[in-house]
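Structure record follows, encoded as structure tokens.
Right, here's the structure in full:
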């Protein structure tokens, strides 16, 4: 196997070296011997390979900031400015987020809805605060509606449902399923906007053992975390595709949420870890305390 061919096939230098059975130092020595490149140029080529591999793994989403964090987590000492420069040379760039829009509000119960959360978005454990929201996704013949539930501790999407209407009957099974999957044993806060499906009698019944929280009137950013996720899934993934059907939209939501956002995508709130990784570390800490 030619080393250059392996490099092109395996953009990660580590992967390439493992594939052909040589060490990093051996790769450097070979490149220097055959191509007469300086160590600085070889290092640049090496780092650019790592950058491209991280970018591809992120579904071509990450910018210089997150790629820099990924590189540093692997032990590389590199400035974000340098990563940005190398990305421009490679012709790759981040997917940039645009402002999101909010769904319709129900003003009927304004005086009864209390903002318990009050923009305190950093609970100390999982299953302390959930937030729920619905957004629309354009398809060929109209819209489908994505309802998501986020655990604010990790920003993990712990439940989601795609429906063809905004009926509250679509929300109730989602909440029941999420409660079951998370093995809820303690009271928690459920934060939502003032949409009619979240102020209905059926919603109040399914969340009867929860403390309900709603944003202040005309303050949509009080539910910013979950609305930010909906902006992300559209900007980073959904908007790349012309979606023809409900099933196609559901497949795309699953791909982004379950195989990337929850398990791979690093988040500054999580210390540049994925939501799943942060929750796994929390559970390990709790288990260690019990054993001790």
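In full-length UniProt numbering, the protein residues as written are 1 to 292. Glycine included, each C-beta is placed from N, C-alpha and C at the ideal position.
Three CB pairs or more closer than 8 Å across the segment 153–161 and the segment 125–144: Contact between the segment 153–161 and the segment 125–144 is established, with three or more Cβ pairs separated by less than 8 Å.
Same chain, Cβ closer than 6 Å to residue 256, five either side skipped, listed in chain order: Counting only Cβ-Cβ distances below 6 Å, and skipping sequence neighbours, we find 233, 237.
Nearest to residue 84 by CA position, among 215, 67, 96, is which residue? Nearest neighbour of residue 84 by Cα position, chosen from 215, 67, 96, turns out to be 67.
Would residue 206 pass as a contact of residue 248 if the rule is Cβ separation under 9 Å? No, the pair does not count as a contact, with Cβ atoms beyond the cut-off.
Between 51, 123, 164, 148, which has its C-alpha nearest residue 142's C-alpha? The residue with the shortest Cα to Cα distance from residue 142 is 164.
Verify whether the separation of the beta carbon atoms of residue 90 and residue 51 is less than 9 Å. Contact: yes.
Any idea what DSSP makes of residue 49, helix, strand or coil? Judged by DSSP in its simplified three-state form, residue 49 adopts helix.
Under 9 Å between C-beta atoms of residue 171 and residue 134: Yes, the Cβ-Cβ distance between residue 171 and residue 134 is below 9 Å.
Per DSSP, which residues does residue 163 bridge with? Please list them. According to DSSP, residue pairing for residue 163 in a beta bridge involves 145.
Identify the residues that DSSP records as bridge partners of residue 273: which are they? DSSP output for residue 273 lists 267 as bridge partner(s).
Taking 9 Å as the threshold (C-beta atoms), are residue 198 and residue 150 in contact? Note that the C-beta distance between residue 150 and residue 198 is not below 9 Å.
Tell me which residue opens and which closes the alpha helix (DSSP H) that residue 199 is part of. Residue 199: not part of any alpha helix (DSSP H); DSSP gives it neither H nor E.
Which one or two residues does DSSP pair with residue 156 in a beta bridge? The bridge partners DSSP lists for residue 156 are 151.
Between residue 54 and residue 76, what straight-line distance do the alpha-carbon atoms span, to the nearest angstrom? In this structure, the CA atom of residue 54 is about 13 Å from the CA atom of residue 76.
For residue 211 and residue 188, the rounded distance between their alpha carbons: Rounded to the nearest angstrom, the two C-alpha atoms are 6 Å apart.
Give the straight-line distance between the Cα atoms of residue 311 and residue 184, rounded to the nearest whole angstrom. Residue 311 is absent from the model: the chain starts at 1 and stops at 292.
Exposed unless 16 or more other CB atoms sit within 10 angstroms - verdict on residue 258: Around the CB of residue 258, fewer than 16 other CB atoms lie within 10 Å, so the residue is classed as exposed.
Grouping DSSP H, G and I as helix and E and B as strand, with all else coil, what is residue 190? In the three-state scheme derived from DSSP, where H, G and I count as helix and E and B as strand, residue 190 is classed as strand.
Take the Cβ of residue 262 as the centre, count every other Cβ of all protein chains shown within 10 Å, and call the residue buried at 16 or more, exposed below. Residue 262 counts as buried, since no fewer than 16 other beta carbons sit within 10 angstroms of its beta carbon.
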